[in-house]
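K.L.:
For reference, the structure I am asking about is given below.
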Amino acid sequence: MIPPETNAKEPIEMTAAGGPPEQAQDEQEAPDLAALGVKEGAGHAISVKGLHAYYGQQHAIKGIDLEFPANEVTAIIGPSGCGKSTMVRCINRMHEEIPGARAEGSITLDELDVYAAGVDVTSVRRLIGMVFQKPNPFPTMSIFDNVAAGLRLTGTKSDNLRERVHRALRAVGLWGEVKNRLSEPGIGLSGGQQQRLCIARTVAVEPEVILMDEPCSALDPIATLRVEELIDELKERYTIVIVTHNMQQAARVANSTVFMLDGEVVEHAPTNDVFTNPKDERTERYVTGKFG
């Protein structure tokens with residue numbers, strides 16, 4: 016049975032603003048995947064059907080249908096304002112946090128309709144993690160506490176906390192760089208390290224899908240390369256959707272690429288086909304730099 020809506024998203028809204036999450040009053044177990052309709056085992060697919068998204072009266076996303084295969088990286092490209100970030104934020108229901116914003120249509124994680132009545136939004140965001148454009152470590156927290164923040168919010172027991180934080184730091188290739196500095200402020204890391212710290216915070220709660228909204232836009236080339244290498248490693252465990260303005264990055268990391276324009280999907284195909292043999296003239300003009 017799908018758990019009912021709760022008010023547990025209030026601490027999440029606070030952390031999105033940069034403040035530390037409150038300790039969960041009651042220990043909460045991770046969502047029961049079988050009860051939610053999410054298949055157990057490797058790989059979880061996302062299906063988007065008839066998605067419309069609005070900011071007040073502005074129609075930002077216009078009837079999108081997309082499939083995001085399990086354990087693959089899907090890149091979303093397109094000019095500024097085409098709806099890339101809006102579409103991604105609809106997948107884990109972050110879009111509705113904006114006053115006046117709403118979405119219509121169907122988005123499913125395996126068999127779970129994330130917009131179905133009664134679905135626990137906190138569980139959705141636990142299953143579908145998000146990494147934002149700029150690194151956003153909590154400024155008053157240590158490196159350790161930054162990674163542990165989501166775990167504490169879900170009531171992870173202290174005897175498992177250290178192990179899961181260390182595991183997450185190893186998963187993002189940050190352990191060797193910070194293992195002797197775990198009590199130091201996370202904000203003191205370099206930009207690239209901060210972004211990997213935020214990815215560690217996401218993977219620590221063991222989501223099924225990771226959404227990345229231009230995760231390298233504020234990073235230098237070396238830090239960007241490390242994050243791209245990490246994406247390639249993480250797809251063995253997670254389904255990844257990445258929004259990027261960098262077409263070279265899409266070509267390097269993505270199995271398939273979506274080209275969006277004016278709130279609509281123009282083309283979705285294997286990445287090599289999008290860049291070397293696009294089917295739509297508008298895609299060809301965009302990837303060759305003729306507009307956008």
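Residue numbers (my numbering): 16 to 307.
From the three backbone atoms N, C-alpha and C, an ideal C-beta is built for every residue, glycine too.
#1: Please give me, in chain order, every unbroken run of the beta strand (DSSP E) with length at least 3 that falls completely inside the segment 68-101.
#2: What are the boundary residues of the alpha helix (DSSP H) that includes Asp174?
#3: Measure the alpha-carbon distance for Ile76 versus Val281 and round it to whole angstroms.
#4: Between the Cα of Val289 and those of Ile106, Pro236 and Val302, spot the shortest distance and give me the residue it belongs to.
#5: Helix or strand or just coil, what does DSSP make of Glu119?
#6: Could you give the distance in angstroms between the alpha-carbon of Leu13 and the alpha-carbon of Thr286?
#7: Check whether the Cβ atoms of Gly278 and Gly98 lie closer than 8 Å to each other.
#8: What did DSSP end up calling Phe274 once you bin it into helix, strand or coil?
#9: Are the beta-carbon atoms belonging to Phe147 and Leu197 less than 8 Å from one another?
#10: Just checking my contact of Gly93 with Asp80 at CB under 8 Å: how many whole Å lie between their CB atoms?
#11: Between Leu184 and Ala215, is the Cβ-Cβ spacing less than 8 Å?
#12: Is there contact here, the segment 259-270 with the segment 83-91, by at least three beta-carbon pairs under 8 Å?
#13: What is the DSSP secondary structure of Val289, counted as helix, strand or coil?
P.N.:
Answer, in terms of the structure:
#1: 73-83 and 88-92
#2: Asp174 -> alpha helix (DSSP H) spans Ser173 to Ala186.
#3: Distance from the CA of Ile76 to the CA of Val281, rounded to the nearest whole angstrom, comes to 12 Å.
#4: Val302
#5: strand
#6: Residue 13 falls outside the range modelled here, since the chain spans only 16 to 307, and no answer is possible.
#7: yes
#8: strand
#9: no
#10: No, Gly93 and Asp80 are not in contact; Cβ-Cβ is about 16 Å, not under 8 Å.
#11: Yes, they are a contact pair.
#12: When Cβ pairs closer than 8 Å are counted between the two stretches, the segment 259-270 is seen to touch the segment 83-91, the count reaching three or more.
#13: helix
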